[in-house]
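Participant:
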Amino acid sequence: MSGINPPPSYAPTSTSSYTPSNANHIKYHKEIDKSAVIKSPLHKNIYDSLAEIYSIITVMEMIEKSFLKDYITDKDKYTSTSLRLINQYQIIIKGFQEDQSKKTILADIIPGASVDNDDFPEILGNTYNLHAPLAIKRLQTGIPVTIEHLGTQVESSSHPTHDNRNANTSTNTKASGRLVAEVTGNFITCMDALKLNYKTKDQLHPLLSDLVVSLNDLVTMNDSNDENNGKTIEFPGKSKLISWLIKLNNLEDQELAQSDIDTFLNDLDLAYKNFYTSLE
Numbered sequence: 001m002s003g004i005n006p007p008p009s010y011a012p013t014s015t016s017s018y019t020p021s022n023a024n025h026i027k028y029h030k031e032i033d034k035s036a037v038i039k040s041p042l043h044k045n046i047y048d049s050l051a052e053i054y055s056i057i058t059v060m061e062m063i064e065k066s067f068l069k070d071y072i073t074d075k076d077k078y079t080s081t082s083l084r085l086i087n088q089y090q091i092i093i094k095g096f097q098e099d100q101s102k103k104t105i106l107a108d109i110i111p112g113a114s115v116d117n118d119d120f121p122e123i124l125g126n127t128y129n130l131h132a133p134l135a136i137k138r139l140q141t142g143i144p145v146t147i148e149h150l151g152t153q154v155e156s157s158s159h160p161t162h163d164n165r166n167a168n169t170s171t172n173t174k175a176s177g178r179l180v181a182e183v184t185g186n187f188i189t190c191m192d193a194l195k196l197n198y199k200t201k202d203q204l205h206p207l208l209s210d211l212v213v214s215l216n217d218l219v220t221m222n223d224s225n226d227e228n229n230g231k232t233i234e235f236p237g238k239s240k241l242i243s244w245l246i247k248l249n250n251l252e253d254q255e256l257a258q259s260d261i262d263t264f265l266n267d268l269d270l271a272y273k274n275f276y277t278s279l280e
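If you count the sequence shown from 1, position 44 lands on 44 in the UniProt record's numbering, and the numbers rise without skipping.
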């Protein structure tokens with residue numbers, strides 16, 4: 001055996017052989033990129049939307065746990081942040097609901113999921129192994145937990161009859177909670193608009209009108225629970241909102257001065273805080 005020289009270090013030592021396939025080399029021998037996975041711009045839009053929902057759920061779960069454990073003690077900040085996330089989720093869902101082609105593709109991506117059902121975030125979580133029960137519940141109810149609790153103290157101006165009151169308590173609480181959420185969202189929208197330098201009648205008047213109307217839709221009930229004794233919620237700063245509505249209506253083609261914007265923003269912030277105080 002001493003006369004046999006060992007093979008060079010670079011020489012192949014395997015006794016097996018490789019025979020290239022006669023299949024389509026273009027199909028099977030190319031780098032996988034986005035275009036191979038995402039079939040069309042519409043598919044990309046849907047995957048982007050699902051990624052947004054996934055991120056909303058993960059952030060919402062963190063916020064819910066933090067609030068539950070008193071890491072977040074500012075109720076106003078918790079409420080406003082939760083409302084923003086809920087609104088973002090609802091906007092994405094509405095985009096799916098209004099486009100049948102999106103719904104069709106979504107059904108292929110996540111079988112059994114329907115954006116028309118409240119269980120969509122739960123099915124999404126199960127599909128992508130996302131365990132976030134607190135966030136999923138919050139998205140299903142559509143209102144922050146602070147407003148959900150406040151909803152027991154106020155009712156819609158469309159009260160049920162006395163005979164049906166007990167049967168409809170849960171429905172009324174949910175409806176009133178959504179009204180409080182609507183008011184809160186309108187407050188935040190108005191303040192955000194001013195921070196974004198909105199200053200004309202066309203920009204601000206519709207937003208403030210929605211706020212005032214939603215405030216008038218809320219009534220408080222006295223201890224007798226007599227629907228005829230309900231009254232609109234009053235709090236310091238509410239009258240200033242009416243004054244601003246009148247001022248904006250008379251603004252015509254002019255713009256608010258910066259000093260007026262600062263004052264308006266301050267009045268909104270004060271009214272927002274007093275509104276919550278009136279409910280607690």
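We treat Cβ as the ideally placed atom computed from N, Cα and C, and that holds for glycine.
For PRO96, which option in THR81, TYR71, ASN117 has the closest C-alpha, if you only look at C-alpha atoms?
Facilitator: For the purposes of this step, residue 96 is identified with residue 96 of the sequence shown, where counting begins at 1. In the sequence on display, residue 96 carries Phe and not Pro. Minimum Cα distance to PHE96 is reached at ASN117.
Participant: Taking three-plus beta-carbon pairs below 8 Å as touching, is the region 178-188 in contact with the region 108-128?
Facilitator: Touching, no.
Participant: Counting Cβ pairs closer than 8 Å, one from the region 89-104 and one from the region 192-206, do we hit at least three?
Facilitator: No: the two stretches stay apart, fewer than three of their Cβ pairs being nearer than 8 Å.
Participant: What ranges does the alpha helix (DSSP H) occupy inside the UniProt domain "VPS28 N-terminal" (21-149), keeping only unbroken runs of at least 4 residues that lie completely in it?
Facilitator: The qualifying runs are 25-28, 34-37, 41-68, 75-97, 100-109, 120-127, 133-141.
Participant: What residue does the alpha helix (DSSP H) around ASN236 start on, and which one ends it?
Facilitator: Counting from 1 along the sequence shown, the entry for residue 236 is found at position 236. Sequence inspection shows Pro at residue 236; the Asn mentioned does not correspond to that position. First-last for PRO236: undefined, no H or E at that position.
Participant: Just the C-alpha distance for LEU256 and MET60, rounded to the nearest angstrom, thanks.
Facilitator: Taking the sequence shown and counting its residues from 1, the one referred to as residue 256 is at position 256. Taking the sequence shown and counting its residues from 1, the one referred to as residue 60 is at position 60. Taking the straight line from one Cα to the other gives about 36 Å.
Participant: Under a three-way DSSP split, which group does LEU218 fall into?
Facilitator: On the sequence shown, residue 218 is found 218 positions in, with the first residue counted as 1. Note: LEU218 maps to strand in three-state DSSP.
Participant: Three-state secondary structure (DSSP) at GLU182?
Facilitator: The residue given as residue 182 occupies position 182 in the sequence shown. GLU182 falls in the helix class under three-state DSSP.
Participant: Can you list, in chain order, the residues of its chain with a C-beta nearer than 7 Å to that of ILE105? Leave out the 5 residues immediately preceding and following it.
Facilitator: The residue labelled residue 105 in the question sits at position 105 within the sequence shown. The residues are LEU42, HIS43, ILE46.
Participant: CB ASP269 to CB LYS240, shorter than 8 Å?
Facilitator: Residue numbering aside, residue 269 sits at position 269 when the sequence shown is read from its first letter. Residue numbering aside, residue 240 sits at position 240 when the sequence shown is read from its first letter. No, Cβ-Cβ distance for ASP269 and LYS240 is not below 8 Å.
Participant: Is the beta carbon of THR232 less than 8 Å from the beta carbon of ASN216?
Facilitator: The sequence position of residue 232 within the sequence shown is 232, counting from 1. The sequence position of residue 216 within the sequence shown is 216, counting from 1. Result yes, Cβ atoms of THR232 and ASN216 sit closer than 8 Å.
Participant: Below 8 Å between beta carbons: does that hold for LEU265 and LEU208?
Facilitator: If you number the sequence shown from 1, residue 265 lands on position 265. If you number the sequence shown from 1, residue 208 lands on position 208. For LEU265 and LEU208, no; Cβs fall outside 8 Å.
Participant: What does DSSP give as the partner residues of GLU255 in its beta bridges?
Facilitator: By 1-based counting over the sequence shown, the position of residue 255 is 255. The partner list for GLU255 (beta bridge, DSSP) reads THR200.
Participant: Quick check on this structure: which residue in HIS131, LEU179, PRO133 has the alpha carbon closest to the alpha carbon of GLU148?
Facilitator: Counting from 1 along the sequence shown, the entry for residue 148 is found at position 148. The shortest Cα separation from GLU148 among HIS131, LEU179, PRO133 belongs to LEU179.
Participant: Specify the secondary structure class of ASN274 as computed by DSSP and reduced to three states.
Facilitator: Residue 274 sits at position 274 when you count from the first residue of the sequence shown. Correct three-state label for ASN274: helix.
Participant: Taking the beta carbon of LEU204 as the centre, do at least 16 other beta carbons fall within 10 Å, making it buried, or is it exposed?
Facilitator: As a first step, residue 204 must be located in the sequence shown, where it is residue number 204. The residue is buried, with at least 16 neighbouring Cβ atoms inside 10 Å.
Participant: Are there 16 or more other CB atoms within 10 angstroms of the CB of THR277, so buried, or fewer, so exposed?
Facilitator: Along the sequence shown, read from residue 1 onward, the residue named residue 277 stands at position 277. Burial call: exposed.
Participant: Buried or exposed: where does ALA51 fall if 16 or more other Cβ atoms within 10 Å of its Cβ makes it buried?
Facilitator: As a position in the sequence shown, residue 51 is number 51, starting the count at 1. Exposed.
Participant: Residues in the same chain with beta-carbon distance under 7 Å from ILE56, minus the five sequence neighbours each way, listed in chain order, please.
Facilitator: Here residue 56 refers to the residue found at position 56 when the sequence shown is read from its first residue. The residues are LEU85, GLN88, TYR89.
Participant: Excluding the five sequence neighbours on either side, which residues of its own chain have a C-beta within less than 8 Å of the C-beta of LYS75, listed in chain order?
Facilitator: As a first step, residue 75 is located in the sequence shown; it is residue number 75 there, counting from the start. Excluding residues within five positions, the ones whose Cβ falls inside 8 Å are THR146, TYR276.
Participant: In chain order, what residues of the same chain lie with their CB nearer than 6 Å to the CB of ASN274, ignoring the 5 residues before and after it?
Facilitator: Sequence index remark: in the sequence shown, residue 274 carries index 274 (1-based). Taken in chain order, the residues that qualify are PHE235, PRO236, GLY237.
Participant: Here's the rule I'm using: 16 or more other beta-carbon atoms within 10 Å means buried, otherwise exposed. How should SER176 be labelled?
Facilitator: Residue numbering aside, residue 176 sits at position 176 when the sequence shown is read from its first letter. Per the 10 Å Cβ criterion, buried.
Participant: Let me confirm a value: ILE242 is counted as buried when at least 16 other C-beta atoms fall within 10 Å, else exposed. Which label applies?
Facilitator: Counting from one through the sequence shown, the residue named residue 242 turns up at place 242. Counting Cβ neighbours within 10 Å, ILE242 comes out exposed, since fewer than 16 surround it.
Participant: Restricting to Cα atoms, I'd like to know which of LEU279, PRO133, ALA181 is closest to SER80.
Facilitator: Here the question's residue 80 lines up with position 80 in the sequence shown. Comparing Cα positions, the closest option is ALA181.
Participant: For ILE246, does the count of other Cβ atoms within 10 angstroms reach 16, so buried, or fall short, so exposed?
Facilitator: Position 246 of the sequence shown, counting from 1, holds the residue named residue 246. Label assigned to ILE246: exposed.
Participant: Buried or exposed, going by whether 16 or more other CB atoms sit within 10 Å of the CB of LEU139?
Facilitator: Here residue 139 corresponds to residue number 139 of the sequence shown, with the count starting at 1. By the neighbour-count rule (16 or more Cβ atoms within 10 Å), LEU139 is buried.
Participant: Give me the Cα-Cα distance between residue 325 and VAL219, rounded to the nearest whole angstrom.
Facilitator: Residue 325 lies beyond the range of the chain shown here (1 to 280); nothing can be said about it.
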